[in-house]
Amino acid sequence: MGPKGLYGFERLLANLALLEDAPEVEIHLFNRTESFGAGEVYDPEQPAYLLMNYANGHISMWHSEGIPAVVPTTYTLVEWLKKNQYSTSEPNEVSPRYLVGKYLQEGFEALVKHAPKFVKIYKHVGEVADIAPLGKRYTLTVSTDGSERRLRGIDEILVASGHPRAQAPPFPDLDHAVDFVYPIPSKLAKINPGELVAMKGVGLTFVDVVLGLTEGRGGRFSENFQGDLVYFPSGKEPQKIFPFSKSGLPMMPRGNTYPPKIYEPIFFIEENLTQGRNPSAKYDFEKEVLPWMEREYKWVYYSKLFRINHLTLDLSTNFLEVEAQIEDFHRLFPKFVRFDLQDFLHRPFTEEGFVEDRQAYVDYCLGQAKLGEENSPLAGAAGLWRSLSPVFARIYQFGGLKPESHRLFAEQYAGALNRLSYGPPVGNMEKILALAKNGLLDFSAAKGQISYRNPLFRLQSEVGRVAVETDYFVDARIPKYQVSDTSQGLYGKMIERGIVTPYVNREGERCYQPGCVALSKAGHAIDPSGRVNDSITFTGTPTEGLTYDNDSLSREKNDLVSAWARNLCERLEKKAKPFRISESKTSVSP
-8 MGPKGLYGFE RLLANLALLE DAPEVEIHLF NRTESFGAGE VYDPEQPAYL LMNYANGHIS
52 MWHSEGIPAV VPTTYTLVEW LKKNQYSTSE PNEVSPRYLV GKYLQEGFEA LVKHAPKFVK
112 IYKHVGEVAD IAPLGKRYTL TVSTDGSERR LRGIDEILVA SGHPRAQAPP FPDLDHAVDF
172 VYPIPSKLAK INPGELVAMK GVGLTFVDVV LGLTEGRGGR FSENFQGDLV YFPSGKEPQK
232 IFPFSKSGLP MMPRGNTYPP KIYEPIFFIE ENLTQGRNPS AKYDFEKEVL PWMEREYKWV
292 YYSKLFRINH LTLDLSTNFL EVEAQIEDFH RLFPKFVRFD LQDFLHRPFT EEGFVEDRQA
352 YVDYCLGQAK LGEENSPLAG AAGLWRSLSP VFARIYQFGG LKPESHRLFA EQYAGALNRL
412 SYGPPVGNME KILALAKNGL LDFSAAKGQI SYRNPLFRLQ SEVGRVAVET DYFVDARIPK
472 YQVSDTSQGL YGKMIERGIV TPYVNREGER CYQPGCVALS KAGHAIDPSG RVNDSITFTG
532 TPTEGLTYDN DSLSREKNDL VSAWARNLCE RLEKKAKPFR ISESKTSVSP
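Residues -8 to 581, numbered by this note's numbering, are exactly what the sequence shown covers, in order.
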């Protein structure tokens, strides 16, 4: 019952309200904490320094089309912020995540209040640990603080379980290793002031953790006379934080993205991607998709670079003519590095060369983000994937890529594209730069490998000879679903019971498993025999691998719950007598 579950709940109530001769309905909702509707990511109790990376104007928990909500008056986030007189209420601003959580939670409470009279709603604080068949129905086992409760007689299940916990943490048995960072204040509490910390991951979670260990411990940021942000420590911080990752590249910050400047792709369009091919054939990413991406990226980058140098790049359907203009440009301006999509994705690329110093790279990227996507070739290219991804998502979904292409995209492109297009707001990256200038944040081993030599961790840089030893290790990453790698937890039990099976993208003898369960295009579970079970439906993050780009508050992207709610209510009208769900409790050892 985080946001994705909330969206399903909202659509279900909206459809139930249309039923004329409805039986009694019980809806059982499950959440690990009391923050129903918000979940852990938007928990209203979290600190104010944890910000969204998504402008206020993009966020609304209410569906914009179709059947109206059961709540008579609905508010977008901006309307809600203004109604409650919060300071960050403009559409182009970003709000603390706890405020978005309050907004979602208030919407949830309004839904409960206005639910149809024949609907009974039950909230369960705890984690669904097991789903077991019971005839044509199901038994759910809910685990809460060392005890289990079983609910028997469930007819329909929507699984919106969000991000998984770390299934195979790097150092699972060490007290001085943190394998999952949320909730941040309590998870980081054991890191003492003055200690050295190695941190794996330089994405959005990295920003949260760094701020938790600095601003969250009483440090403060303030602008100096030049307008630059400066950090003033509280004395409770670690001595130094060493971030590192596979690429060692921090995320590109996002400037103002509202109102959205909608870019209409010219080359990366469905007409070009589908022309002259068998519509049922899977795509070869490198041969059929990547060339059109490369053209679009080159066009966006160079059209802006030409403009800021008082030139015009003429468009042509024959891309060789565009390339010829680019060649002429480089003869006129040899100081500029040639744009190459691979370099742009995987190296610290700038207009005039590669910046290997990560602190300097953060500084440069910040400057480009502040210029904006219209005025900076780098920022314009960085944000381009947000305009291309809807087209890509349609050809990617439900095994649209060949197995080897699916793997290639997941391993070499998905993370790099996210790094460039879905980064933190400028304000948060300014804080990261201020901490680096202060010396609390050290990027010297940003591309490195970690090992453990009791009692210290050893971080070895892959570039140069930098090696550091630290007291603590923090895994600042959000795990991806790999349901076939676990024999425990909800997904492992569902696989063992034959309710679901891991999804395998197959073509001939080649195959690839992205980590999710097999699903129909409606999000319904598929069992090992290939049978579609429309009484169990998945939405949100658990569908990633069969769908693309679920990690947002968007109501429109990968909307599986609208059809789910509509179809469920159609089946419900055919039900016979109402039934009641029975419950039993079992005490188990912690």
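C-beta: ideal position from N, C-alpha, C; glycine also.
Please classify residue i: is it buried, with 16 or more other beta-carbons within 10 angstroms of its beta-carbon, or exposed?
i: glycine 194; result: buried
i: tyrosine 113; result: exposed
i: threonine 303; result: exposed
i: histidine 301; result: exposed
i: glutamate 261; result: exposed
i: isoleucine 175; result: buried
i: glutamine 96; result: buried
i: isoleucine 486; result: buried
i: leucine 296; result: buried
i: leucine 311; result: exposed
i: arginine 245; result: buried
i: asparagine 22; result: buried
i: serine 236; result: buried
i: isoleucine 299; result: exposed
i: isoleucine 441; result: buried
i: valine 474; result: buried
i: serine 78; result: exposed
i: valine 495; result: exposed
i: leucine 9; result: exposed
Kindly list the residues whose CB is nearer than 6 angstroms to the CB of residue i, restricted to its own chain and excluding five residues on each side of it in sequence; keep chain order.
i: valine 552; result: Tyr(-2), Gly(-1), Arg2 and Thr530
i: arginine 332; result: Position check: residue 332 holds leucine in this sequence, whereas arginine was assumed. Excluding sequence neighbours, leucine 332 sits near Glu285 and Tyr288.
i: lysine 93; result: Pro35
i: lysine 512; result: Phe389
i: leucine 411; result: Met243 and Ala373
i: tyrosine 254; result: Ser378
Quick one: residues in its chain with C-beta nearer than 8 angstroms to the C-beta of residue i, no 5 flanking neighbours on either side, listed in chain order?
i: asparagine 188; result: Correcting the residue type first, residue 188 is valine in the shown sequence and not asparagine. Around valine 188: Ile182, Leu204, Pro229, Lys231, Ile232, Phe233, Thr461, Asp462, Tyr463, Phe464 and Val465.
i: leucine 379; result: Pro256, Phe259, Met284 and Glu287
i: glutamate 498; result: Lys273, Lys393 and Pro394
i: lysine 471; result: Pro155, Gly506 and Glu535
i: glutamate 70; result: none
i: leucine 202; result: Tyr40, Leu41, Asn419 and Lys422
i: leucine 179; result: Val169, Val172, Val200, Gly203, Leu204, Gly207 and Val465
Sort out for me which residues DSSP pairs residue i with in a bridge.
i: valine 217; result: Residue identity differs from the one stated: residue 217 is glutamine in this sequence, not valine. DSSP lists no partner for glutamine 217.
i: isoleucine 441; result: Leu450
i: lysine 471; result: Partner(s): none; lysine 471 has no beta bridge.
i: tyrosine 352; result: Per DSSP, none; premise fails for tyrosine 352.
i: alanine 516; result: Leu510 and Asn524
i: phenylalanine 340; result: Phe345
i: isoleucine 486; result: Paired residues: none, contrary to the question.
i: leucine 530; result: The displayed chain sequence assigns threonine, not leucine, to residue 530. In DSSP, threonine 530 forms no bridge with anything.
i: isoleucine 18; result: Ile112
i: asparagine 496; result: Tyr503
i: aspartate 466; result: Lys191
i: glutamate 535; result: Thr538
i: leucine 42; result: Pro87
Within its chain, find whatever has a CB closer than 7 angstroms to the CB of residue i; leave out the 5 residues flanking it on each side and keep chain order.
i: leucine 7; result: Ala13, Val16, Pro107, Val110 and Cys560
i: leucine 68; result: Asn47, Ile50, Ser51, Val91 and Tyr94
i: aspartate 146; result: Arg128 and Ser526
i: serine 225; result: Arg208, Gly209 and Gly210
Unbroken alpha helix (DSSP H) runs of length 4 or more, entirely within the segment 60 to 148: which are they?
-> DSSP assignment within the segment 60 to 148 yields the following whole alpha helix (DSSP H) runs of 4 residues or more, N-terminal first: 68 to 74 and 88 to 104.
Three CB pairs or more closer than 8 angstroms across the segment 456 to 465 and the segment 90 to 103 | No: the two stretches stay apart, fewer than three of their Cβ pairs being nearer than 8 angstroms.
Should the segment 22 to 38 be called in touch with the segment 85 to 94, which here means at least 3 C-beta pairs below 8 angstroms?
-> Contact between the segment 22 to 38 and the segment 85 to 94 is present, because at least three Cβ pairs lie under 8 angstroms.
Three or more C-beta pairs closer than 8 angstroms, one from the segment 513 to 532 and one from the segment 365 to 379: is that the case here?
-> Output reads no: the segment 365 to 379 does not touch the segment 513 to 532.
Looking at C-beta atoms only, is the number of pairs between the segment 207 to 221 and the segment 67 to 74 that lie closer than 8 angstroms three or more?
-> With a cut-off of 8 angstroms on Cβ pairs, the segment 207 to 221 is not in contact with the segment 67 to 74, counting fewer than three such pairs.
Cβ pair count under 8 angstroms reaching 3, the segment 45 to 61 against the segment 538 to 547 | Result yes; three or more Cβ-Cβ pairs closer than 8 angstroms.
Can you find at least 3 beta carbon pairs, one from the segment 495 to 505 and one from the segment 138 to 147, that sit closer than 8 angstroms?
-> Segments in contact, no.
Which residue spans inside the segment 185 to 270 form an unbroken alpha helix (DSSP H) run of at least 4?
-> Within the segment 185 to 270, the complete alpha helix (DSSP H) runs of at least 4 residues are 195 to 204 and 261 to 265.
For the segment 351 to 385, list the alpha helix (DSSP H) runs that are entirely contained and at least 4 residues long, ordered along the chain.
-> Every alpha helix (DSSP H) stretch that sits fully inside the segment 351 to 385 and reaches 4 residues is listed by chain position as 368 to 373.
Pick out the complete alpha helix (DSSP H) segments inside the segment 383 to 439, 4 residues or longer, and give them in chain order.
-> DSSP runs (the alpha helix (DSSP H)) wholly in the segment 383 to 439: 394 to 399, 405 to 412 and 417 to 429.
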